[in-house]
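What follows is a single structure, written as structure tokens, with notes after it.
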Amino acid sequence: MDNDTVITNISKLGSMSTAVGCEAMRQLETESSRGKDVYAHLDKLFKLLDDRNPYARTRAFVLIAKNVSWDSRKKIDRNIDRLLKTVDGEQAATVRQCIQTLPLIAAAKPVLRQRIADALRAINPDKYPVRMRSILAEDIKIALAAAEK
């Protein structure tokens, strides 16, 4: 994927159209598994963590995690607090995606495992709708087990 396409797809992550945002994310995820082209724009993804759109934040979070293997510059390490703040957001579905993605970071960055585990323990599933509480609690349990390996 060329640089312009990566930039264009990153700009689509916050699209109000679910189809557009998800397709951009799918393409960026595929590219992230192939090489460092998306990692070169990690700073843009970190900026999206502050976006008003929770889907943009979640998509950025997932893509940051998917690029953890390319993080020789330790950008994720330096921004871990910012990243972990996203995990305990306002929408259960987006929180769930972030929780499920944290084991990728924990596996690649053992030095961050304790901070990840602490952030997971700090999540209060009771603040989310009743139907999501047990699901989130189970996701937290699974992510904690992975982070504490």
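Numbering (my numbering), first residue to last: 28 to 176.
Don't be surprised by glycine CBs; every beta carbon is placed ideally from N, CA and C.
Note that the structure is predicted; figures quoted are calculated from it, not measured.
Residue 80 carries a coil assignment under DSSP once its states are collapsed to helix, strand and coil.
In the structure shown, the three-state DSSP call for residue 48 is helix. Taking the C-beta atoms as reference points, residue 81 is found nearer than 8 Å to residue 121. Annotated as distal: residue 128 and residue 174, with beta-carbon spacing of 8 Å or more.
The alpha carbon of residue 78 has as its nearest neighbour, out of 67, 58, 100 and 110, the alpha carbon of 110.
Counting C-beta atoms within 10 angstroms of its own C-beta, residue 157 has fewer than 16 neighbours from the protein chains shown and is therefore classed as exposed.
A straight-line Cα-Cα distance of about 42 Å links residue 31 and residue 161.
Within 10 angstroms of the beta-carbon of residue 117 lie fewer than 16 other beta-carbons, which makes it exposed.
In this structure, the straight-line span from the alpha carbon of residue 35 to that of residue 60 is close to 18 Å. Nearest to residue 57 by C-alpha distance, out of 28, 46, 165 and 172, is 28.
When C-alpha distances from residue 67 are compared across 97, 138 and 39, the shortest belongs to 97. Runs of the alpha helix (DSSP H) lying entirely within the region 113 to 161 and spanning at least 4 residues, in chain order: 119 to 135 and 140 to 149.
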